[in-house]
Amino acid sequence: MTTLNNAKSNSSVMSTLSGIFRSNIREYGMLIALIVVMLFFEVRTGGILFKPVNITNLVLQNSYIVTMALGMLLVIVSGWIDLSVGSVVAVVGAVAAVLMVNLDVNWVLACIICIIFGAAIGAFQGYWVAYLKIPAFIVTLGGMLIFRGLTLVLLQGESIGPFPVGFQKISSGFIPDFVGNIFYLPGLHLTTILLGLLLSILLIVLDVRSRKNQQKYGFEVTPFYFFVIKNIVITVVVMGFTLLMASYKGFPNVLILLFILITSYSFITSQMVIGRRIYAMGGNEKATRLSGVNTPRLLFYTFMNMGILAATAGLIVAARLNSATPNAGDGMELDVIAACFIGGASASGGIGTIIGAVVGAFLIGVMNNGMSIMGVGIDWQKIIKGIVLLIAVLFDIYNKNRNA
Amino acid sequence: MSDVILEMRNITKTFPGVKALDNVTFSVTQGEIHALVGENGAGKSTLMKVLSGVYPYGSYSGEIYFQGKECRFQDIHHSEELGLVIIHQELALIPYLSIAENMFLGNERAKNGVINWNEAISKTNELLNKVGLHESPNTLITNMGVGKQQLVEIAKALAKEVRLLILDEPTASLNDNDSEKLLELLLQFKANGISSILISHKLSEVNKVADSITILRDGATIETLDCHKDKITEDRIIRGMVGRDIKHRFPPRESRIGETIFEVRDWNVYHPLHEDRKVSTNVNINVRRGEVVGIAGLMGAGRTELAMSIFGRSYGTRITGAAYRQGKEVDISSIDKAISNGIAYATEDRKAYGLVLIQEIKNNITLANLEAVSNAGSVINEPREMAATMEYRDKLNIKCSTIRQLALNLSGGNQQKVVLSKWLFANPDILILDEPTRGIDVGAKYEIYTIINRLASEGKGIIVISSELPEILGVCDRIYVMRDGKIVGEMPASEASQEIVMTLIMTEQEVYNDNLK
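Residue numbers (the numbering used here), protein chains in the order written: chain X, 1 to 404; chain B, 405 to 921.
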């Protein structure tokens, strides 16, 4: 009798778990793919991948792709695409170099000017797409050529550098160790550990609060044991990552920037009116317009936002290379777009998540990094990345059809 | 008894979690028009998809015999080869190709891949003659009306030497004139020995042409009625479809009509592309508190155009005229201004203009009024949003597993209720409902009418645009008749009859036809 009951409850546990998994297969599938790929390279590179210095490198190498993926995701969710971002990276770097190196402008002021310049580029392209109704594919293909050309004009075909030290720190600096100055522990960056702890606690508090809120309104929540396991897993991952970072030089500055950007855009897309409207516009522009949303203006802002983020990425790239070069950002648009699609965005618009795009970007980053360490040539790297993109999208379509 | 051309035996088809067809048996005899009726979701379309091979053999259980032979269709080409052609509700013509190009698409008159256009065009002419459509084979589909497109679809079926024609709601988007023509064509085919299966919600048509009627309900065959043996009334069919008597197709209501709540005066609208074409001319209409006003007219009479031009100029150019809400002139020059002035417009085409199909029911309901569930900083309060939308789900009886279900997976009637919920959530004073019951089943229609009555009794002014005269007469207090962008008549519903309204709608049309002859 008792065995029978046990068997029953076991099977119900399994079915809830598989139910949770199936309804979130996209998110979990992506994460699992990322973990599998990381473990694969960890083994194949003989343990180099998870070395603190390499993990830090991974973050630095992918920061600009992630930054642009945030904006690209919104553009793709709107139902369009932006091919110009690689050229925008280059032209913003060039403007930064001209301002800081040639004209000796204060680097903070120069950054602000560059961001405004990026916003203007986005607004320019957004105007063509949203108000003149020219397909974004064409507009941004034009932009891709225009801004690459403009880069060559500004740099006159040469690299300009080096940048002021303060500016370089954006990409190459690490957060200062306030705590370590008081309690010294050799080999560990204590401020980083403290930040990691605070983040873990914050994540748990937020999750508990959202669960309580849902219960208050009488909604179904996931089973308690699942909730506990989920939070333990998240905490372990966050703290593990933190410890790796802390045993090198701590959190890089750019990671803090990324963290702020990712959480803000996650929040905007999932919790704010404007995010909801972008998804609605991508799902059915006409129905959204007839619901009183000014869709051309919304699309215009989406492109302007892309310009701002592309400019931010341009600054990160310039600071990292410590010079502005004519071919900076070349082909970057493809990695950014691929990150969004690998992360589950739909080419026809209306579907996709910020977290998905970020995971997609890191998946590409880990593959780049792992394959480079293994000594795989750039030729095969491209072939393999292309195949991964196709498989990820195939996986999506397969899931969609099975659910329908 | 004449020969049986098609027999489907014990067809059972399950989707994950649902039994769409449960042991359905269905047969068609040679040269008859067999109507298939049932509420939305009763399994009519699924049955036809099994029949035509859209769901291949093996994905269902049961047997299909066509012309005496057992068929195991793997795909739709397979069934078409045997002369079994299905014409879907949504037309499958390519808009920027000509009639002739569409006619032989996938079946080109070609030798070694080179198309013989002379043969294709002469053959097209022949087929167009058969269906009574006098158009050049070079006409682009996009330049023709829906009625004519429907005829092209049928001609296309004839090109495939059809034995059994299946029509899924062929008249849903046709006006009465075109519907009539189409039904006559079916009768003509019948005389030539082609059998048809007619799926339709319009029971008057079914009654007019069908030789037998099979009623499906909840995935099972309820009964097959022989139209020649007994006189079948519409009520009789409805009883079979819903499993209960609907004594009144329209819920009773007492109207308590107050002061004028909304009015447009001297409203003129021009076509957005052909700027010299007027689509509304000097229109004056008003609606009072608690009143349901109907706008009757043919398709193309300019009703939707009028409604959309009023709703924030979402249609047309060079719009002139004034709108008054409770006697005061209001600015409704953009959609958000119209909404904030208490106007809502529920579209006739809910899939294209009403819903974001790939999103949750919840998100669709709140889309037009997200401010109501968000704080001052434009952050959405999701629990509040869930609670608010659940209230509408219960109030309007939206049948769904959860309000997080995608709008895509709802039946037509429930989708319509989501559209209505969206606009009710925006809390308007004036609701314009454009064809609120198009393509939805009898039971859901009754529910929509009940909702309309309730809204009127809450003091809202409601404008109903409908091509179904019984509906206009059944739900409205007052009726406007529109023709060619003009209001050509106005009368209280109590003084109106189908004949009176129809005469007003058709007058000029008749004159026009006489001139042609």
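Cβ atoms here follow ideal geometry from the backbone N, Cα and C, with glycine treated the same way.
For the stretch 729–749 of chain B, which residues have a CB atom closer than 9 Å to at least one CB atom of chain X, in sequence order? Answer in chain order: S738, I739, D740, K741, A742, I743, S744 and Y749.
Test: V77 (chain X) CB closer than 9 Å to a CB of chain B: No, no contact with chain B.
Look up E752 (chain B) in the DSSP assignment and say whether it is helix, strand or coil. It is coil, neither helix nor strand.
Within 9 Å (strictly less), CB to CB, does T575 (chain B) reach chain X? Output row for T575 (chain B): interface = no.
Any beta strand (DSSP E) of 3 or more consecutive residues that is wholly inside the stretch 727–810 of chain B: Runs found: 732–734 and 747–750.
Three-state class that DSSP yields for K382 (chain X) in the structure shown: DSSP places K382 (chain X) in helix when its eight states are reduced to three.
What did DSSP end up calling T242 (chain X) once you bin it into helix, strand or coil? In the structure shown, T242 (chain X) sits in a helix (DSSP, three-state: H, G or I).
Contact with chain X by A756 (chain B), beta-carbon distance below 9 Å: Yes, its Cβ sits closer than 9 Å to a Cβ of chain X.
Nearest by alpha-carbon distance to L677 (chain B): which of B:L835, B:R722 and B:A446 is it? The alpha carbon of L677 (chain B) has as its nearest neighbour, out of B:L835, B:R722 and B:A446, the alpha carbon of B:R722.
Along chain B, in chain order, which residues have C-beta atoms closer than 8 Å to that of K230 (chain X)? Within chain B, no C-beta atom comes nearer than 8 Å to that of K230 (chain X); the closest sits roughly 19 Å away.
Out of X:I160, X:V95 and X:Q168, state which residue places its alpha-carbon closest to the alpha-carbon of F147 (chain X). The shortest Cα separation from F147 (chain X) among X:I160, X:V95 and X:Q168 belongs to X:V95.
Endpoints, alpha helix (DSSP H) assigned at P164 (chain X): Per DSSP, P164 (chain X) belongs to no alpha helix (DSSP H) and is neither H nor E.
For F241 (chain X) and D833 (chain B), I'd like the C-alpha separation in whole angstroms. Between F241 (chain X) and D833 (chain B), the C-alpha separation is close to 56 Å.
Ignore the nearest five residues each way along the sequence and tell me which others in L486 (chain B)'s own chain have a CB closer than 8 Å to its CB. F470, Q471, C475 and R567.
Find the nearest neighbour of G597 (chain B) within the set B:E565, B:G536 and B:S502, judged by alpha-carbon distance. Ranking B:E565, B:G536 and B:S502 by Cα distance to G597 (chain B) puts B:E565 first.
Below 8 Å on C-beta distance, what does K453 (chain B) contact in chain X? Result: empty, since nearest Cβ-Cβ is about 14 Å, beyond 8 Å.
For my contact list, T575 (chain B) and L591 (chain B) are in at a C-beta cut-off of 8 Å; report their separation, rounded to the angstrom. The Cβ separation is near 14 Å, so there is no contact.
Count the other CB atoms, across all protein chains shown, that sit within 10 Å of the CB of Y916 (chain B); report buried if there are 16 or more and exposed otherwise. Note that Y916 (chain B) scores a pLDDT of 41, beneath 50, so its modelled location is shaky and nothing firm can be said.
Euclidean distance between Cα positions of S540 (chain B) and L602 (chain B): Going by the C-alpha atoms only, they are around 28 Å apart.
Three or more C-beta pairs below 8 Å linking the stretch 305–318 of chain X and the stretch 106–114 of chain X: Counting Cβ pairs under 8 Å, three or more are found: they touch.
Would you check if the stretch 44–54 of chain X and the stretch 240–258 of chain X touch, i.e. whether three or more CB-CB distances between them fall below 8 Å? They touch, by the three-pair rule.
Quick check on I940 (chain B) - is its C-beta less than 9 Å from some C-beta in chain X? No information on residue 940 (chain B) is available, as it lies outside the stretch 405 to 921 that chain B covers here.
Top-ranked residue by Cα proximity to N745 (chain B), from B:F666, B:R754, B:N801 and B:G536: Nearest of B:F666, B:R754, B:N801 and B:G536 to N745 (chain B), Cα basis: B:F666.
So, S684 (chain B) versus E436 (chain B), is the Cβ gap smaller than 9 Å? In this structure, E436 (chain B) does not lie closer than 9 Å to S684 (chain B) by Cβ.
Y853 (chain B) (DSSP reduced to helix, strand or coil): Taken through DSSP and simplified to helix, strand or coil, Y853 (chain B) comes out as helix.
Is there a Cβ from chain X that is less than 9 Å from the Cβ of G716 (chain B)? Interface residue, yes.
Where K286 (chain X) meets chain B, residues with beta-carbon distance less than 7 Å: Close partners of K286 (chain X) in chain B (Cβ separation under 7 Å): A756 and Y757.
Own chain, CB closer than 7 Å to G157 (chain X), minus 5 neighbours either side, in chain order: Closer than 7 Å at Cβ, skipping near neighbours: P326.
Taking 8 Å as the cut-off, does the stretch 121–139 of chain X touch the stretch 345–353 of chain X (at least 3 CB pairs, one atom from each stretch)? Taking 8 Å as the limit for Cβ pairs, the verdict is that the stretch 121–139 of chain X does not touch the stretch 345–353 of chain X.
Endpoints, alpha helix (DSSP H) assigned at P896 (chain B): Note, P896 (chain B): premise wrong, no alpha helix (DSSP H); beta strand (DSSP E) at K890 to P896.
G343 (chain X) to L70 (chain X) span [Cα, whole Å]: Going by the C-alpha atoms only, they are around 11 Å apart.
Assigned secondary structure, Y459 (chain B) (DSSP; H/G/I helix, E/B strand, else coil): Note: Y459 (chain B) maps to coil in three-state DSSP.
Does the ligand PLP have even one heavy atom less than 8 Å from the beta-carbon of I351 (chain X)? Ligands in the displayed structure: none, and consequently the ligand PLP is not present.
Chain X contact residues for P832 (chain B), given Cβ-Cβ distances below 9 Å: Below the 9 Å Cβ cutoff, chain X contributes no neighbours of P832 (chain B), its closest Cβ being approximately 11 Å away.
Can you give me the Cβ contacts of Q763 (chain B) inside the same chain, cut-off strictly under 7 Å, excluding the 5 residues immediately before and after it? For Q763 (chain B), where only same-chain residues beyond five positions count, the Cβ hits under 7 Å are L810 and A811.
Along chain B, in chain order, which residues have C-beta atoms closer than 9 Å to that of I274 (chain X)? Within chain B, the residues near I274 (chain X) are S782.
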